Structures are given as C-alpha cells and as structure tokens.
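Reading through the structure tokens given below for one structure.
Residue numbers (this note's numbering): 27 to 314.
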C-alpha cells in the first residue's frame with residue numbers, strides 16, 4: 027500500500043480525477059439438473075453442463091468532489107465463451123455508479139472508515155431475456171443498489187484490511203423466458219451481501235503482496251411463472267481466495283496482478299486479473 031502521509035483523508039483530493047483499467051479472466055465449470063415434479067412424478071430431467079470462459083475489461087473513473095467524497099463510474103466490456111454450448115457473446119456489461127465517503131479525517135490511533143454505496147444498472151444482456159439453453163448473457167438482468175464499509179490497520183510493513191457490504195436487487199417483471207414447460211414472468215433477485223478481509227505486505231518501496239479472502243451470499247431469490255406457480259431458489263454462498271502482487275513501474279504508477287481460486291461450487295474455478303491506472307487526456311490531475 028503506497029499512500030501519502032500528508033493527506034488529511036485517504037481518498038483523492040477535491041478537484042482531482044483518476045481512471046483505472048482492469049482486465050479480468052474467469053473460468054467457471056458447472057453441472058446443473060433441470061427437473062420438474064408434478065403429482066409425485068419426475069419430468070424433464072436434463073443434465074446441463076457449462077464451461078464458461080469470461081473476459082471483462084472495466085474502465086473506472088473517479089472524481090474528488092471533496093477531499094473526503096469521491097464519485098465513481100465503471101464501464102465494463104464483457105466477452106464470454108461456452109465451449110460445451112459452442113456459443114459466445116461480447117458486448118457492454120452492467121454500468122455502475124457509486125460514491126465513497128470518509129466521514130472522519132485520518133488520525134493516529136484511530137481506524138480509518140470509508141462508507142460506500144453504488145447503483146448497478148442492467149445495460150448488459152439479461153440472462154432472463156435470452157435463450158438460456160443456447161445463449162450467454164453479458165449482464166445480470168436487473169437493477170441493484172448496495173452499501174458497505176471498509177477499514178484498515180497499519181502495522182508496518184503490513185496493512186490489515188476488511189470490508190462488508192450488502193445489496194438489494196429490484197424486481198423484474200414483464201419477462202417471457204421459457205424454462206421447461208413454463209414461462210418466467212417475474213423475477214425477484216433478493217438480497218445479497220458479503221465480507222472480505224486480508225493483508226498487504228510491502229517488501230520495499232516498489233513491490234507489495236496482498237492476500238485476501240472473500241465470501242458472499244444471496245438469499246430470497248424467487249421466480250414467478252405464467253402458470254401462477256412460484257419457485258424460491260436455494261440460498262447461495264461463494265468464497266474465493268486471492269493473491270495479488272503490486273509492482274511500481276514508475277514514480278506514480280503501480281500495476282497489480284491477481285490470481286484467485288474458487289473455494290465453493292458457486293464461485294469461479296479460477297480467476298486472473300490485471301489492474302493499472304490510465305494516464306490519458308490529463309487524467310489523474312487537478313481540474314483547473
């Protein structure tokens with residue numbers, strides 16, 4: 027972690043803008059059973075296998091409204107390929123807008139606190155408006171809003187950090203997707219949340235390593251069908267372990283590479299990431 031001790035707050039200063047580019051690859055392999063019970067009989071037994079490769083290019087922009095308030099916007103471009111379905115897709119993902127607020131200035135002996143919130147749109151292709159058996163989606167298919175908090179503790183040369191968050195997905199209606207013999211008309215995403223913690227170790231001024239654990243959950247999801255029936259999806263929990271290496275390539279530029287491993291069935295089997303700031307059109311400089 028490379029921060030300036032001269033700042034009263036840890037967010038970017040008022041009037042500054044910055045941008046980052048992240049490229050992430052994930053591989054997800056899953057086997058699902060598509061079944062339906064009626065009058066004690068089992069119908070439509072189908073084994074559906076997925077082996078999805080995903081590549082997400084995300085451009086993130088930040089603007090310092092005040093020294094302790096930063097607005098953010100993220101623009102993802104998504105490409106997916108499923109070898110078992112022999113299909114692929116590419117396009118815009120779900121754009122998100124957010125804000126980060128640091129209510130208290132930095133002070134020796136007090137843990138810094140950053141509160142954040144975000145609104146995620148549904149600009150990407152919805153998984154509930156495609157042919158689920160043959161096509162792939164670039165988005166989640168619904169709007170969601172989230173809040174969270176993060177903190178950290180410096181114990182030179184180690185930085186401990188932790189965060190917690192919660193999200194609410196807004197109900198989607200007017201759907202017309204066939205699932206077996208029924209058609210989905212409404213979808214209630216439910217509530218999701220999670221937490222993460224880890225540490226960063228600075229080998230020297232130019233190299234640091236971060237190890238983190240992240241766990242998330244989703245509960246309350248419900249599907250409503252044209253037959254008047256409803257189905258409550260089982261609660262899901264996923265967790266991942268990640269190792270990141272940060273290398274300073276110039277006095278003001280740090281490149282981070284990340285390797286993540288899924289620890290549960292609902293998590294991606296493996297993920298790779300690369301992140302670095304963009305220095306284009308004066309980004310990262312104070313607006314005059």
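Backbone N, C-alpha and C fix where the C-beta goes; we use that ideal spot for every residue, glycine too.
Here the structure is a predicted model, which is why all the values come from computation and not from measurement.
**Message:** According to DSSP, is residue 42 part of a helix, a strand, or is it coil?
**Reply:** strand
Requested in this report: Look up residue 162 in the DSSP assignment and say whether it is helix, strand or coil.
Outcome: coil
- Task: Flag this pair as yes or no: are the beta carbons of residue 244 and residue 265 separated by less than 7 Å?
- Result: no
Exercise for review: Take residue 34 and list the residues in its own chain whose beta-carbon comes closer than 7 Å to its own, dropping the five residues that flank it on each side.
Suggested key: 93, 131 and 132
Fill in: Start-end ranges of the beta strand (DSSP E) lying completely within the region 166-244, minimum 3 residues
170-181, 184-195, 198-205, 208-214 and 216-228
message = In whole angstroms, give me the CA-to-CA distance for residue 96 and residue 252.
response = 44 Å
Measure the alpha-carbon distance for residue 117 versus residue 105 and round it to whole angstroms. 7 Å
- Range of the contiguous beta strand (DSSP E) that encloses residue 152: Note, residue 152: premise wrong, no beta strand (DSSP E); not H, not E.
Under a three-way DSSP split, which group does residue 114 fall into? strand
From 224, 82, 211 and 304, residue whose alpha carbon lies closest to that of residue 276: 304
**Study point:** Whole-angstrom C-beta distance between residue 162 and residue 86, which should lie under 8 Å
**Key:** The pair is not a contact, with the Cβ atoms about 24 Å apart (cut-off 8 Å).
Check the DSSP bridge columns for residue 280 and list the partner residues they point to.
-> 274
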